[in-house]
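Okay, so here's the structure we're looking at.
Residue numbers (our numbering): 385 to 554.
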């Protein structure tokens with residue numbers, strides 16, 4: 385009998401309770417109905433970023449592959465579905481680190497930038513700052529309204545966010 389089979393059959397080697405321990409394992413599941421092979425690979429990459437043992441070099445490789453797969457919508461969806469703050473922060477950072485353009489999700493990242501949690505706010509702001517596509521006037525007006533009415537405790541970040549949005553208004 386192979387070692388893998390022995391481990392699977394060994395009742396002491398497998399503790400199902402650990403699988404649902406959010407401190408030990410990521411609980412983010414990306415819905416893959418109708419995904420093609422490329423989309424499945426991108427979903428695997430996103431889930432891989434949440435591995436607590438991942439090295440910086442492995443992260444860099446994932447960012448390059450995510451850029452190649454142009455998985456913008458999937459990344460935003462994963463952030464929305466992430467229940468743990470740590471996962472939201474990691475996935476939001478992956479957005480700007482993958483060098484993809486999230487201009488089509490500008491308002492979403494403006495809202496993240498307005499968060500009271502410093503790291504999430506910082507990562508959201510960094511994505512906003514890296515949006516290079518054209519953003520229509522009404523979206524910019526709405527973004528400015530959101531930023532100016534924010535009660536975030538991260539005042540310096542809010543000033544940077546408002547300045548960035550104003551600089552985009554023609």
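For each residue, glycine too, the CB sits at the ideal point set by N, CA and C.
Bear in mind that the values here come from a model prediction, so they are computed numbers and not experimental data.
Shown here for residue 546: same chain residues with a beta carbon closer than 8 Å to its own, the five before and five after excluded, namely 528, 531, 532 in chain order. Contact check between the stretch 488 to 504 and the stretch 459 to 473: three or more CB pairs, one atom from each, fall below 8 Å, which counts as touching. Here DSSP, grouped into helix, strand and coil, assigns residue 536 to coil. Taking residue 479 as the centre and dropping the five residues before and after it, the same chain places the C-beta of 459, 486, 511 closer than 6 Å to its C-beta, in chain order. The beta-carbon distance between residue 477 and residue 507, rounded to whole angstroms, is 5 Å. This is short enough to meet the 8 Å contact definition. A Cβ-Cβ distance of about 6 Å is found for the pair residue 519 and residue 552, placing them in contact under the 8 Å criterion.
Counted as a single uninterrupted DSSP element, the alpha helix (DSSP H) harbouring residue 465 occupies residues 456 to 465. Distance from the CA atom of residue 426 to the CA atom of residue 433, rounded to whole angstroms, is 11 Å.
DSSP, read as helix, strand or coil, puts residue 514 in coil. Looking only at 435, 482, 494, the smallest Cα-Cα distance to residue 445 is reached by 482.
Sequence-distant Cβ neighbours of residue 503 in its own chain, meaning closer than 6 Å and more than five residues away, are 473.
Distance from the Cα of residue 453 is smallest, within the candidate group 484, 431, 496, 537, for 484. The beta carbon of residue 534 sits closer than 7 Å to the beta carbons of 498, 542 from its chain, once the five residues preceding and following it are set aside; these are given in chain order. Look at residue 439 here: in three-state DSSP terms it is coil, with no helix or strand label. In its chain, beyond the 5 residues on either side, 446, 449, 450 have a beta carbon closer than 7 Å to the beta carbon of residue 429. If you draw a straight line from the Cα of residue 438 to the Cα of residue 554, it is about 42 Å long. Taken through DSSP and simplified to helix, strand or coil, residue 469 comes out as helix.
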